[in-house]
Amino acid sequence: MRSVWLLLCLGLLALSQVRAEESDDNLDLEDIAEFDENDEEFLMLLEEKAKNKDLERENELAQKLADVQHNLLNPVVEVDPCETMHCGAGRICQLSDGKPECICIPDCPDESDTRRHVCTNKNETWPSDCAVYQQRCWCDIKNPGCRHPDNSHLHIDYYGACHESRVCDGEDLKDFPRRMRDWLFNVMRDLAERDELTEHYMQMELEAETNNSRRWANAAVWKWCDLDGDTDRSVSRHELFPIRAPLVSLEHCIAPFLESCDSNKDHRITLIEWGACLELDAEDLKERCDDVQNAVPHLLG
């Protein structure tokens, strides 16, 4: 009976050796020969080997489970390169040979609602803001769709069809820089009271409140930084839209005033030009846009 049990154990051992692909951890023939007269010790060794194999298998399964859980919690997500590509007004991103590039908007939706119409700086009514931005883009790249080369500088004056505007001249035009300075400071103060400025601009507003010499200058610098959306240290005519569009119908001098700020006619307004048209001393205008990326843009406060 004992010899039959021994032969059975030897068969099981041989089978485990084949499945383990002749692993170094399994018994060889010399190991078996040593236990011919000591079956008890042989069976203990065989049991120990089986436990080791079970442990290895459990560890293998645990590792596979951990890998699956990791993949579920940390999935590999393919990122669309266009998601991080900023193209600006009038342009959209598309992939070309796997690389993102900005192209002009190919089509604008047809707008039947007259409330979607916009009036441009040329006093022309366009069907939508999309159409204006598309036209400007086409003129930038000299696309056949460009109606006139000057349209590369086309921008929106206000929403709605163009209407006859009041003429700003005489005392109205002369007094407007003062009114504009006061308006900018009051807006800045109102935002500070509502805690809607960053800490950086809150400090500038506090300084303006406690130092009359900084009252208008700080407000002017804050608004210029606020308008400079692309942080290139100049304000384009397009970037003036948030301050121009809401005021055109209320303040007939805003358009000629802003036009006068671009003294060299390069379609960009520097801080010095901004201060000059507000009749501020250039020495009082210090560029302080450190927090411009964190600032929240506002129209009328």
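Be aware that the sequence shown starts at 187, since it is given in the working numbering, and climbs by one per residue.
Where a beta carbon is used, it is the ideal one built from N, C-alpha and C, also for glycine.
Just so you know, these numbers come straight off a predicted model, no measurement behind them.
For the region 446 to 459 against the region 410 to 430, do three or more pairs of beta-carbon atoms, one drawn from each stretch, fall closer than 8 Å, so that the two count as touching? yes
Would you kindly report the start and end of the unbroken alpha helix (DSSP H) that includes Lys-328? Here Lys-328 belongs to no alpha helix (DSSP H), and DSSP marks it neither H nor E.
Rounded to a whole number of angstroms, what is the C-alpha to C-alpha distance between Leu-247 and Glu-233? Rounded to the nearest whole angstrom, the CA to CA distance from Leu-247 to Glu-233 is 21 Å.
Mind checking whether Gln-249 and Ile-291 have CB atoms under 8 Å apart? no
Which residues bound the alpha helix (DSSP H) around Val-434? 427 to 434
In angstroms with no decimal places, state the Cα-to-Cα distance between Asp-210 and Leu-231. Interpretation of Asp-210 is limited by its pLDDT of 44, a score under 50 that renders its predicted location unreliable; the figure taken from the coordinates is listed afterwards. About 15 Å.
Taking C-alpha atoms, which residue in Pro-335, Cys-332, Met-390 and Ile-429 lies nearest to Arg-375? Arg-375 has its Cα closest to that of Met-390, out of Pro-335, Cys-332, Met-390 and Ile-429.
Note down the Cα distance separating Arg-474 from Asp-299, rounded to an integer number of angstroms. Spanning the two alpha carbons is a distance of roughly 42 Å.
By DSSP's criteria, Ile-289 is part of a beta bridge. Which residues make up the other side? Beta-bridge pairing links Ile-289 to Ile-278.
For Phe-427, which residues in the same chain have their Cβ closer than 8 Å to its Cβ, ignoring the five residues on either side in sequence? His-341 and Ile-342
Kindly indicate which three-state DSSP category Thr-306 falls into: helix, strand or coil? strand
If you draw a straight line from the alpha carbon of Arg-380 to that of Leu-464, how long is it in whole angstroms? 26 Å
Please state if the CB of Leu-383 and the CB of Leu-377 are separated by a distance shorter than 8 Å. yes
What's the gap between the Cα of Asp-283 and the Cα of Met-271? 16 Å
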